[in-house]
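Asks:
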Amino acid sequence: MFRNSGIPIGRLFGIPITLHPTWFIMLFLVTYSLASYYVAELGVAAGLSFFLGLIVALLAFASLLAHEYGHALTARMYGIGTERITLFLLGGVAQIKEEPRTPGQEFLVAIAGPAVSLMCFAFFGILAILAAMAGAPASMQFGLQALTSINFVFAAFNMLPGFPMDGGRVLRAFVWWASGDYLKSTRTASLGGQMLGMMLVVLGVYLLFYGSFQGLMLILLGFFLNWLARMSLQGAVHKVAFESVKVRDLMRPVQFVVPADMPLSQVVRDYVYRVHADRFPVVSGSTLLGYISADDIAEVDRSQWDWTPAERLVRPYGRREILSPTDDAWAAFMKVNQLGRPNLPVFSGRQLIGFLFANDIMNHLNNQSRFGKV
Ligand SMILES: [Zn+2]
Numbered sequence: 075m076f077r078n079s080g081i082p083i084g085r086l087f088g089i090p091i092t093l094h095p096t097w098f099i100m101l102f103l104v105t106y107s108l109a110s111y112y113v114a115e116l117g118v119a120a121g122l123s124f125f126l127g128l129i130v131a132l133l134a135f136a137s138l139l140a141h142e143y144g145h146a147l148t149a150r151m152y153g154i155g156t157e158r159i160t161l162f163l164l165g166g167v168a169q170i171k172e173e174p175r176t177p178g179q180e181f182l183v184a185i186a187g188p189a190v191s192l193m194c195f196a197f198f199g200i201l202a203i204l205a206a207m208a209g210a211p212a213s214m215q216f217g218l219q220a221l222t223s224i225n226f227v228f229a230a231f232n233m234l235p236g237f238p239m240d241g242g243r244v245l246r247a248f249v250w251w252a253s254g255d256y257l258k259s260t261r262t263a264s265l266g267g268q269m270l271g272m273m274l275v276v277l278g279v280y281l282l283f284y285g286s287f288q289g290l291m292l293i294l295l296g297f298f299l300n301w302l303a304r305m306s307l308q309g310a311v312h313k314v315a316f317e318s319v320k321v322r323d324l325m326r327p328v329q330f331v332v333p334a335d336m337p338l339s340q341v342v343r344d345y346v347y348r349v350h351a352d353r354f355p356v357v358s359g360s361t362l363l364g365y366i367s368a369d370d371i372a373e374v375d376r377s378q379w380d381w382t383p384a385e386r387l388v389r390p391y392g393r394r395e396i397l398s399p400t401d402d403a404w405a406a407f408m409k410v411n412q413l414g415r416p417n418l419p420v421f422s423g424r425q426l427i428g429f430l431f432a433n434d435i436m437n438h439l440n441n442q443s444r445f446g447k448v
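Just so you know, our numbering puts 118 at position 44 of the sequence shown, and the rest follows in order with no gaps.
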């Protein structure tokens with residue numbers, strides 16, 4: 075979701091922290107609502123209220139970061155790294171590189187975030203009590219109380235039993251542990267998340283009906299959570315279907331190779347019209363020159379087709395377009411989708427040994443579901 079988007083602001087414990095552009099909206103909203111409280115209830119001057127609001131907001135986001143580090147550092151105990159931690163419109167996310175391997179790991183990595191939030195809740199709560207006893211300024215007491223409540227809400231909201239909340243992962247860990255069935259447990263947690271999302275939508279409609287525009291926010295958030303919950307199930311289904319399947323298991327051997335000196339008219343007749351592919355590898359002797367594409371041929375005037383050899387239109391394969399037979403089929407499928415190609419060449423060293431077709435990957439997925447494996 076956050077690939078390559080966001081502003082890097084540094085590293086902590088070796089994990090980069092990035093701010094997604096939407097985070098600034100949240101920072102502004104939190105600062106603004108705190109500042110208006112400072113002005114309305116405590117009579118603080120407008121300029122100072124924004125400054126105080128900003129400090130409290132930044133401490134709240136620091137608490138959120140601590141929550142995400144709870145996940146990331148627990149995952150590290152199991153040798154699982156974290157790509158980055160991102161703060162965005164709706165909170166934070168630690169992009170942990172692998173799914174936990176056992177229910178126990180899943181449980182501990184998931185619970186660590188809310189546990190840290192509860193510690194922050196206790197920390198700010200104690201400070202708030204001490205500040206009240208010491209007769210500290212009202213603005214400071216309010217800031218500490220706000221941070222106490224915010225951390226409580228972080229912990230509580232995240233423990234809701236459905237994806238993508240941490241509580242969903244805790245739920246999955248339990249079902250996984252009890253049933254030994256990774257997919258079934260994922261389905262349960264995803265269903266929980268979808269239901270929670272729809273409950274937010276219903277609540278939002280209710281609020282909107284009574285004239286509160288915050289209802290609109292809840293409706294959007296509800297649909298978003300519902301979508302994320304469905305996506306996490308799809309991810310798990312794919313993961314299981316492609317477990318230990320490699321590119322070489324699904325690829326097709328090279329069949330349709332165009333000799334470099336073949337005229338375009340013959341390439342069109344013998345290849346483009348006969349085979350469902352938009353590109354064909356071009357070879358000179360046993361050397362692969364690159365590929366020729368149907369689109370490029372269409373650019374050439376028809377009257378020239380008999381006289382133009384294929385090698386004139388050869389383009390080299392891009393580095394990113396090349397697969398290795400030992401690549402994971404699932405990673406390759408993502409690549410095929412990303413690049414929007416119906417197939418990608420498979421090389422062993424410098425030698426072209428086959429092609430991986432997006433259709434074959436989809437067929438594999440469908441067969442797996444037909445036989446009840448996923
Ligand atoms: Zn969390």
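Beta carbons are placed, not taken as given, at the ideal position from N, Cα and C, and that holds for glycine.
1. Within the structure, which residues are defined as neighbours of ligand 1 by a Cβ-heavy atom distance below 7 Å, reported in chain order?
2. With 16 as the cutoff for other CB atoms within 10 Å, does TRP381 come out buried or exposed?
3. From the DSSP output, in three-state form, read off PHE237 for me.
4. For the alpha helix (DSSP H) holding ALA230, just list the boundary residues, first then last.
5. Assuming LEU270 contacts LEU299 (C-beta within less than 8 Å), just tell me the rounded distance between them.
6. Per DSSP, ASN417 is paired with what?
7. Could you tell me whether the region 218-231 touches the region 242-262, using the rule of 3 or more Cβ pairs below 8 Å?
8. If you follow the alpha helix (DSSP H) that LEU204 is part of, which residue opens it and which one closes it?
9. Counting only the same chain and skipping the five closest in sequence on each side, list residues whose C-beta sits under 7 Å from that of ALA131.
10. For ILE91, which of helix, strand or coil comes out of DSSP?
11. Between which two residues does the alpha helix (DSSP H) harbouring VAL328 extend?
12. Taking only the alpha-carbon atoms, compute the straight-line gap between VAL448 and VAL314 and give it to the nearest angstrom.
13. With DSSP as the reference, label ALA384 as helix, strand or coil.
14. Within this structure, are the beta carbons of LEU397 and ALA406 separated by less than 8 Å?
15. What residues in its chain sit with their C-beta under 7 Å from that of GLU172, if we drop five residues either side in the sequence?
16. DSSP has VAL63 in a bridge; who is on the other side?
17. Can you tell me the Cα-Cα spacing of THR92 and ARG158, whole angstroms?
18. On the three-state DSSP scale, how would you describe SER339?
19. Going along the chain, which residues of its own chain have a beta-carbon closer than 6 Å to the beta-carbon of GLU395, five neighbours each way excluded?
20. Closest to LEU245 by CA distance: which of GLU180, PRO95 and ILE435 is it?
21. Please say whether TYR143 and GLY127 have beta carbons closer to each other than 8 Å?
22. Give the DSSP-derived three-state secondary structure of MET100 in the structure shown.
23. In three-state terms, what does DSSP make of VAL448?
24. What are the boundary residues of the beta strand (DSSP E) that includes ARG85?
25. Using the Cα positions of ILE457 and ALA384, report the straight-line distance between them to the nearest angstrom.
26. What do you get for SER422, buried or exposed, if any count of 16 or more other CB atoms within 10 angstroms of its CB means buried?
27. For LEU290, which residues from the same chain have a beta carbon less than 7 Å from its beta carbon, with the 5 sequence-adjacent residues on both sides left out?
28. Go through its chain and collect everything with a Cβ distance to VAL319's Cβ below 8 Å, but skip five positions before and after it.
29. My understanding is that ALA168 touches ALA146, with C-beta atoms under 8 Å, so please give their C-beta distance in whole angstroms.
30. Which two residues bound the contiguous beta strand (DSSP E) that contains GLY364?
Replies: Taking the coordinates as given:
1. Any residue whose Cβ sits closer than 7 Å to a heavy atom of ligand 1 makes the list: HIS141, GLU142, HIS145, GLY187, PRO188, ASN232 and ASP240.
2. The residue given as residue 381 occupies position 307 in the sequence shown. Counting Cβ neighbours within 10 Å, TRP381 comes out exposed, since fewer than 16 surround it.
3. Numbered from 1 along the sequence shown, position 163 holds the residue referred to as residue 237. Here PHE237 sits in coil by DSSP.
4. The residue labelled residue 230 in the question sits at position 156 within the sequence shown. For ALA230, the enclosing alpha helix (DSSP H) begins and ends at 212-232.
5. Position 196 of the sequence shown, counted from the start, is the residue given in the question as residue 270. Position 225 of the sequence shown, counted from the start, is the residue given in the question as residue 299. Your pair LEU270 and LEU299 checks out as a contact, with CB atoms roughly 6 Å apart and the cut at 8 Å.
6. Position 343 of the sequence shown, counted from the start, is the residue given in the question as residue 417. Residue pairing by DSSP puts ASN417 in a beta bridge opposite PHE431.
7. Contact fails between the region 218-231 and the region 242-262, because fewer than three Cβ pairs, one in each stretch, are under 8 Å apart.
8. As a working note, residue 204 is residue 130 in the sequence shown. Per DSSP, LEU204 belongs to the alpha helix (DSSP H) from 177-207.
9. Locating residue 131 in the sequence shown gives position 57, where the first residue counts as 1. So the list reads LEU101, VAL104, THR105 and LEU108, once near-sequence residues are dropped.
10. Locating residue 91 in the sequence shown gives position 17, counting from the first residue. Strand at ILE91.
11. Counting from one through the sequence shown, the residue named residue 328 turns up at place 254. For VAL328, there is no enclosing alpha helix (DSSP H), since its DSSP letter is neither H nor E.
12. As a working mapping, residue 448 is identified with position 374 in the sequence shown. As a working mapping, residue 314 is identified with position 240 in the sequence shown. Low confidence applies to VAL448: its pLDDT is 49, below 50, so where it sits in the model is not reliable enough to give any reading.
13. Translated into positions along the sequence shown, residue 384 becomes position 310. ALA384 falls in the helix class under three-state DSSP.
14. The residue given as residue 397 occupies position 323 in the sequence shown. The residue given as residue 406 occupies position 332 in the sequence shown. Against a cut-off of 8 Å, the Cβ pair of ALA406 and LEU397 comes out as a contact.
15. The sequence position of residue 172 within the sequence shown is 98, counting from 1. Around GLU172: ILE154.
16. Because the chain spans 75 through 448 in this model, residue 63 falls outside it and cannot be assessed.
17. For the purposes of this step, residue 92 is taken as the residue at position 18 of the sequence shown. For the purposes of this step, residue 158 is taken as the residue at position 84 of the sequence shown. Distance between the alpha carbons of THR92 and ARG158: 7 Å.
18. Residue mapping note: residue 339 aligns to position 265 of the sequence shown, counting from 1. Here SER339 sits in helix by DSSP.
19. Here the question's residue 395 lines up with position 321 in the sequence shown. Annotation for GLU395: LEU418 place their beta carbon closer than 6 Å to its own, counting only its chain and skipping 5 residues before and after.
20. Residue 245 sits at position 171 when you count from the first residue of the sequence shown. In terms of Cα proximity to LEU245, the closest of GLU180, PRO95 and ILE435 is GLU180.
21. Translated into positions along the sequence shown, residue 127 becomes position 53. Translated into positions along the sequence shown, residue 143 becomes position 69. It is not a contact, given that the beta carbons lie outside the stated cut-off.
22. By one-based count along the sequence shown, residue 100 stands at place 26. Looking at MET100 - three-state DSSP - the assignment turns out to be helix.
23. Looking up residue 448 in the sequence shown gives position 374. In this predicted model, VAL448 has a pLDDT of only 49, less than 50, meaning its place in the structure is not dependable; the value taken from the coordinates is given anyway. The answer is coil: DSSP assigns VAL448 none of H, G, I, E or B.
24. On the sequence shown, position 11 is the one that residue 85 refers to. Boundaries of the beta strand (DSSP E) around ARG85: 81-86.
25. This structure cannot speak to residue 457, because the chain is shown only from 75 to 448.
26. As a first step, residue 422 is located in the sequence shown; it is residue number 348 there, counting from the start. The residue in question, SER422, is exposed, as its Cβ has fewer than 16 Cβ neighbours within 10 Å.
27. Along the sequence shown, one-based indexing puts residue 290 at 216. The residues GLY278 and LEU282, in chain order, have a CB closer than 7 Å to that of LEU290 in the same chain once the five nearest residues on each side in sequence are set aside.
28. Reading the sequence shown from its first residue, position 245 is the one you call residue 319. Listed in chain order, the non-local C-beta contacts of VAL319 below 8 Å within the same chain comprise ASP402, ALA403, TRP404 and HIS438, local neighbours out to five positions each way being set aside.
29. Counting from one through the sequence shown, the residue named residue 168 turns up at place 94. Counting from one through the sequence shown, the residue named residue 146 turns up at place 72. That belief holds up - the Cβ atoms of ALA168 and ALA146 are roughly 5 Å apart, short of 8 Å.
30. If you number the sequence shown from 1, residue 364 lands on position 290. Counting along the chain, the beta strand (DSSP E) containing GLY364 begins and ends at 361-367.
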